[in-house]
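Written out below as structure tokens is the structure these notes cover.
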Amino acid sequence: MSQERLMKVLLEPHISEKSTNVAEQGNQVVFKVMPDATKSEIKQAVEKLFKVTVEGVQVSNTKGKVKVSRAGRGKRKDWKKAYVRLSAGDDINFLGTE
């Protein structure tokens, strides 16, 4: 697996009420990932970028919403999110403050 591919797999952290609850209860982090990313690629990318140990990865394909406006009907893009379970004691801090 190329290093360039691993750097592109994770798009951004997904921050929502559900992802915050999952992070507090289950030591998990939620990321938006590339639609063609596999579980093993996601695991390798998180371990390489954040220097943590990943216990497991669950992925979910999310359908884009259909929106109606004055211009007509439109559809948002479909996207994929990954729930990454970290080992006990590991943590990812997105704010940069300790």
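If you want this note's numbering, it's the 1-based position in the sequence shown plus 9.
From the three backbone atoms N, C-alpha and C, an ideal C-beta is built for every residue, glycine too.
If you're wondering where the values come from, they're calculated on a predicted model, not measured in any experiment.
Per DSSP, cross-strand counterpart(s) of residue i
| i | result |
| --- | --- |
| A91 | F40, V68 |
| L15 | DSSP lists no partner for L15. |
| E56 | Answer is none; E56 lacks a bridge partner. |
| T50 | Looking at the sequence provided, one finds Glu at residue 50 rather than Thr. Paired residue(s): none; E50 is not in a bridge. |
Burial state of residue i (16 or more Cβ within 10 Å)
| i | result |
| --- | --- |
| A91 | buried |
| E26 | exposed |
| L95 | buried |
| F103 | exposed |
| A54 | buried |
Assigned secondary structure, residue i (DSSP; H/G/I helix, E/B strand, else coil)
| i | result |
| --- | --- |
| G61 | Residue 61 is actually Val in this sequence, not Gly. In the structure shown, V61 sits in coil (DSSP, three-state: anything other than H, G, I, E or B). |
| G35 | helix |
| K27 | helix |
| V84 | Rather than Val, the amino acid found at residue 84 in this sequence is Lys. Strand at K84. |
| L104 | coil |
First through last residue of the beta strand (DSSP E) which encompasses residue i
| i | result |
| --- | --- |
| S78 | 75-78 |
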